[in-house]
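In the working numbering, the protein residues as written are 4 to 613.
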């Protein structure tokens, strides 16, 4: 295309239609598959990404009707009016017929005919039917994925190794191997699961007719006045709905003598006279429920750092069979003596095995660096990445890791590195690692029980490491939950990724590296579409170390150049992180902003070069 010819993006962009459809992607209860397969941060909507690509490649004369059709949005419909109807209905609390009579736009993959017509347009204006699209800050891969769905060749890179794994799993492997992956991944993961369950089942006892899905824990400290072991929680909800008849909460039973509280499960807590919002921890402070002494936040942190913060199991979340065929219902109860013993025995088993696991190098005992987001676990005495898990959680994850490594060794044993067989096996174990990452995300001391959703929320849902006074531990062995659910989630996302790609897509080039050194020749790229990091919005490297320390052990031999450092690269990362400039004799925030601007300029100069 002549350099002075205008493109559509400088003239027009369907802001309303794209905004509404981008909201629909997240508001229907089932996110697009790239969002579901693995945690990544600040993901862009698919519809917005595709619109940005098309606007950057199509000429200014492109009609609105043609453009919206390529996006999967009916051009004759007032999408804003449909959105307003839903908003008004929600505000009024009434049910209406869904005004969106078409599927979500992101699900529309342009047909072979549509792609052919599009490529002819590109030929006219770019002198090539399928111009190369590059995203050197690809993150979770939404932009290059949408380019692939338009039938374009793609180069996608990211500095972060966790993002690199996402790009492999979302772009390269689905394009190369397609549906062939599904059964192979399922078989590999099931072998890991069965082997781990055999060793772990004694630590997760089941009551007759029950399936235990989660255990709720509270942190504890001693009251400095009366000696009571204070169970720390900002509230005591277990089930929280608009109807008190369905609600469940915890009543803390405070002993008149002795130092340990017990717990009662209370149904209809408001009617009972219990206020579950009255917790024992607020704003970093702790309040003794017996003598009402308040322990200051600094003192709480100091005790945690000195190893004087403990934990106490207070509720078991299970499902039991009820009346009718295949009817199950939630049961919330106090832990049994057998379950308390199982916790103690798991801790003993971990102590027996940890030395050997450390000798093998599979324990993630790297020190947590003092960063902007990683300051919080350090404040509460968690100085190594393995300390973000309680003993039974850590025993569980290390057992699964051990079985994963054994299964991977068998899978790769007879395959030549670089061969088609090796690449396929590498893809299989990469998805196995993604399943593993789901497990650590939903089973750590940072994972919280969601009383309104009846399930555990992932540790990194907030893109930070907020301290949890109380947390949820899931039963990784339970059928249809735990590991089974993590595998099912991964396979469902992978299935949809494959189905959304066109038939026989190009194999994308995926690399791990800085956007200041893109592995392409000068002036070789017609189009770059990129969503750069937003200054101090997300500290990608700091946060992704949570996954990196495990992925390094899971996939370090498959991608040795990618996982060669102790932790993720932070010096080259283009973010405004004031923690890197602490104690430098000037404003850390100002220095961080200058560093960000300098790095972003270097990135854009490199993009201009290619």
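Yeah, the Cβ is synthetic: ideal placement off N, Cα and C, and Gly gets one too.
In the structure shown, residue 76 adopts coil according to DSSP, grouped into three states. Here DSSP, grouped into helix, strand and coil, assigns residue 315 to strand. Residue 383 counts as buried, since no fewer than 16 other beta carbons sit within 10 angstroms of its beta carbon. An exposed status is given to residue 15, since fewer than 16 other beta-carbon atoms sit within 10 Å of its beta-carbon. Between the region 549-561 and the region 508-518 there are fewer than three C-beta pairs closer than 8 Å, too few to call the two in contact. Rounded to whole angstroms, the gap between the alpha carbons of residue 499 and residue 36 is 6 Å. Counting of Cβ neighbours within 10 angstroms places residue 33 among the exposed residues, the total staying below 16. DSSP places residue 465 in the coil class of the three-state scheme, outside both helix and strand. DSSP places residue 269 in the strand class (E or B) of the three-state scheme. Of 375, 237 and 518, the smallest CA-CA separation from residue 287 is found for 237. Annotation: residue 16 is outside any beta strand (DSSP E) and is labelled neither H nor E by DSSP. Beta-carbon to beta-carbon, residue 544 and residue 520 are separated by about 17 Å, too far to satisfy the 8 Å threshold.
Counting the other Cβ atoms within 10 Å of the Cβ of residue 417 gives fewer than 16, which makes it exposed. Counting along the chain, residue 459 sits inside the beta strand (DSSP E) bounded by residues 458-460.
Residue 335 sits in a strand when the DSSP states are folded into three classes.
Under the 10 Å beta carbon count, residue 311 is surrounded by fewer than 16 other beta carbons and is classified as exposed.
Judged by DSSP in its simplified three-state form, residue 512 adopts strand.
Straight through space, the alpha carbons of residue 289 and residue 303 are spaced by roughly 7 Å. Spatial neighbours of residue 467 in its own chain (CB-CB distance under 6 Å, excluding positions within 5 residues in sequence) are listed in chain order as 376. Spatial neighbours of residue 352 in its own chain (CB-CB distance under 8 Å, excluding positions within 5 residues in sequence) are listed in chain order as 206 and 398. Contact between the region 196-206 and the region 473-492 is present: 3 or more CB-CB pairs across the two stretches fall below 8 Å.
By the criterion of a C-beta distance shorter than 6 Å, residue 324 is surrounded in its chain by 212 and 331, once the five residues flanking it on both sides are discounted.
Looking at the DSSP output, residue 474 sits in a beta bridge with 220. The alpha-carbon of residue 248 is positioned some 23 Å away from that of residue 215. Bounds of the beta strand (DSSP E) holding residue 138 are 136-138. Beta-bridge annotation (DSSP): residue 453 is paired with 458. Annotation for residue 435: 188, 191, 192, 195, 407, 410, 411 and 557 place their beta carbon closer than 8 Å to its own, counting only its chain and skipping 5 residues before and after. As a beta-bridge residue in DSSP terms, residue 160 pairs with 514. As computed with DSSP, residue 284 is found in a beta bridge with 289. Look at the region 532-590 and you find no whole run of beta strand (DSSP E) that is 3 residues long or longer. Taking residue 490 as the centre and dropping the five residues before and after it, the same chain places the C-beta of 192 and 438 closer than 6 Å to its C-beta, in chain order. No residue range can be given for residue 231, since it is assigned to no alpha helix (DSSP H) and is classified by DSSP as neither H nor E. Contact between the region 252-262 and the region 229-244 is established, with three or more Cβ pairs separated by less than 8 Å.
In the displayed model, residue 322 falls within a strand according to three-state DSSP.
For residue 294, the secondary structure class from DSSP, reduced to helix, strand or coil, is coil. Linking residue 516 to residue 493 through their CA atoms gives a straight-line distance of about 26 Å.
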